[in-house]
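**Student:** There's a structure below that I have some questions on.
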Amino acid sequence: MSKELIRLSDCTMAFDDEIVLDNLNLYIKDEEFLTLLGPSGCGKTTTLRIIGGFLVPTKGDVFFDGVRINDVPPHKRKVNTVFQKYALVPHLNVYDNVAFGLRLVKPKIDKKEIDQRVREMLEVVSLKGFEHRAVSSLSGGQQQRVAIARALVNRPKVLLLDEPLGALDLRLRKDMQQELKRIQQQMGITFIYVTHDQEEALAMSDTVVVMNEGIIQQIGSPEDIYNEPKNAFVADFIGESNIVDGIMRADGVVEIFGKKFECLDSGFEKDEPVDVVIRPEDVDIVDTRAGQLIGLVTSVTFKGMNYDIIVDFKGFKWLIQTSDFCPAGSKIGIHIVPDGFHVMKKSKYSGLYGDYSSYSDEYEELSDADEAEEGSEDEK
Ligand SMILES: Nc1ncnc2c1ncn2[C@@H]1O[C@H](COP(=O)(O)OP(=O)(O)OP(=O)(O)O)[C@@H](O)[C@H]1O
Ligand SMILES: [Mg+2]
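According to our numbering, the stretch in the sequence shown is residues 5 to 384, in order.
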């Protein structure tokens, strides 16, 4: 997986002067599982369409195996796409849907080889025995697997997948995540996968590319992205994060709430203002006398594995996940080990994320909005 296969170099995409991708630089290695992750509208599908050849970037170059392919049309690229809507041919059965593309290949592939390859693919996606079923009679997950078999049967080097599991329920989604990962590894194909679901991205990928507003925020392994987010946007988008203002007093010493804490971060200027991430699961609850900080529990939500509690420290509200029950109204002490801090440079996202003071208000607002919506439904 070390060889570079695809490269986007300084790629910008504008529609009517509106820049939707801003100077993207990215490379994808052979046999890599790379995921483009980001909120709606950040440019994921646009990036995928540039790689697939459905869009030509306004500026910049696309390389495949070192060769510039800006002007190579989609069908001449060694790339196939699985879209969110599976686009199966409804009046054909499973077998013919998978064979469809192979029958169009010139020079013609002989019947025996088509048969062998279709059956092989149906086995890979666990649909052996489904050959004669009408695709309309299949479940969502089965249809999805037909679409994947069809995209893989002509052995592309690269498969582009645009939110392929978006229409499936959570349970099936998780099963299909495993399935896709297995197929990718078994067939040794490069997958470029699009999702806005951070859990899915972390579970499946070798490399995650976090995007926002047409700009790559960070590229890294799932562990890197989670443990070492580059800025407040990434920290907030990947998992839950308390993000507070801090000052880096020295290597390994960060100050928050006017108190110095030992951390593992270094390389900042002395007294540099920073953003400090503390994950909800990295906070230990201790006796108030032993606490590095003391806070007031303002709400408790049972989550099965743990409680989500909101704790007020000097007016700043943190989310803490704990298996200890701490009733609302109680005072608690907290302890954070040096490894529990992650210090980031200030960015344009500083101050925008990582504050849970609106946690409960948010729910109230949501339910208010629901009621308002229901009201207007009634009026119609
Ligand atoms: N053909 C087009 N003409 C004009 N604007 C476009 C066009 N295609 C995409 N855009 C705009 O580019 C931006 C990025 O769109 P894109 O479809 O890449 O987002 P996305 O990250 O895939 O979002 P989602 O998660 O909602 O699918 C959006 O603001 C979108 O409106
Ligand atoms: Mg999209």
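Glycine residues also receive a C-beta, built at the ideal position from the N, C-alpha and C atoms.
Remember, it's a predicted structure, so these values are computed and weren't measured experimentally.
Please determine whether the Cβ atom of lysine 48 lies at a distance below 7 Å from any heavy atom of ligand 2.
**Tutor:** It does: the Cβ of lysine 48 is within 7 Å (strictly closer) of some heavy atom of ligand 2.
**Student:** Quick one: is aspartate 240 buried, meaning 16 or more other Cβ sit within 10 Å of its Cβ, or exposed?
**Tutor:** The residue in question, aspartate 240, is buried, as its Cβ has 16 or more Cβ neighbours within 10 Å.
**Student:** Under 8 Å, do lysine 321 and aspartate 359 count as touching if we go by C-beta distance?
**Tutor:** For lysine 321 and aspartate 359, yes; Cβs fall inside 8 Å.
**Student:** I'd like to confirm something about valine 238: is its beta-carbon nearer than 7 Å to some heavy atom of ligand 2, or not?
**Tutor:** No; taking the cut-off as 7 Å, the Cβ of valine 238 has no heavy atom of ligand 2 nearer than that.
**Student:** Does DSSP classify arginine 72 as helix, strand or coil?
**Tutor:** Note: arginine 72 maps to strand in three-state DSSP.
**Student:** Quick check on leucine 184: does DSSP put it in helix, strand or coil?
**Tutor:** If DSSP states are grouped into helix, strand and coil, leucine 184 belongs with the helices.
**Student:** Count the other CB atoms, across all protein chains shown, that sit within 10 Å of the CB of alanine 155; report buried if there are 16 or more and exposed otherwise.
**Tutor:** Answer is buried; the Cβ neighbour count reaches 16.
**Student:** Just the C-alpha distance for glycine 250 and glycine 47, rounded to the nearest angstrom, thanks.
**Tutor:** Distance between the alpha carbons of glycine 250 and glycine 47: 32 Å.
**Student:** Is glycine 45 near ligand 1, in the sense that its beta carbon is under 7 Å from a heavy atom of that ligand?
**Tutor:** Because some heavy atom of ligand 1 lies under 7 Å away, the Cβ of glycine 45 counts as near it: yes.
**Student:** Which class does glutamine 177 belong to by DSSP, given the choice of helix, strand or coil?
**Tutor:** The sequence given here places arginine at residue 177; glutamine does not occur at that position. Helix, per DSSP.
**Student:** If alanine 153 sits next to valine 128, beta carbons under 8 Å apart, how far is it from one beta carbon to the other, in whole angstroms?
**Tutor:** Between valine 128 and alanine 153 the Cβ distance is about 7 Å, and since that is below 8 Å, they are a contact.
**Student:** Only counting the same chain, and skipping five residues up and downstream in sequence, which positions put a Cβ closer than 6 Å to that of lysine 63?
**Tutor:** Only Thr16 meet the Cβ criterion.
**Student:** Under 8 Å by Cβ, that's how I've got asparagine 74 and valine 83 pegged, so tell me the actual separation to the nearest angstrom.
**Tutor:** About 14 Å separates the two Cβ atoms, so there is no contact after all.
**Student:** Determine the closest residue to leucine 12 out of Val60, Tyr197 and Asn310, with distance taken between C-alpha atoms.
**Tutor:** Ranking the options by Cα distance to leucine 12, first place goes to Val60.
**Student:** With the cut-off set at 8 Å, would you say glutamine 181 and methionine 215 are in Cβ contact?
**Tutor:** No, they are not a contact pair.
**Student:** Counting C-beta neighbours from all protein chains within 10 Å, is the total for glycine 70 16 or more, i.e. buried, or is it exposed?
**Tutor:** Label assigned to glycine 70: exposed.
**Student:** State the start and end residues of the unbroken alpha helix (DSSP H) segment that holds isoleucine 220.
**Tutor:** From DSSP, isoleucine 220 is part of no alpha helix (DSSP H) but of the beta strand (DSSP E) over 219-224.
**Student:** Does the Cβ of histidine 346 have 16 or more other Cβ atoms within 10 Å, making it buried, or fewer, making it exposed?
**Tutor:** By the 10 Å Cβ count, histidine 346 comes out buried.
**Student:** Measuring CA to CA, which of Leu38, Ile10 and Leu30 is closest to leucine 206?
**Tutor:** Nearest C-alpha to leucine 206: Leu38.
**Student:** Helix, strand or coil for threonine 62, going by three-state DSSP, please let me know.
**Tutor:** If DSSP states are grouped into helix, strand and coil, threonine 62 belongs with coil.
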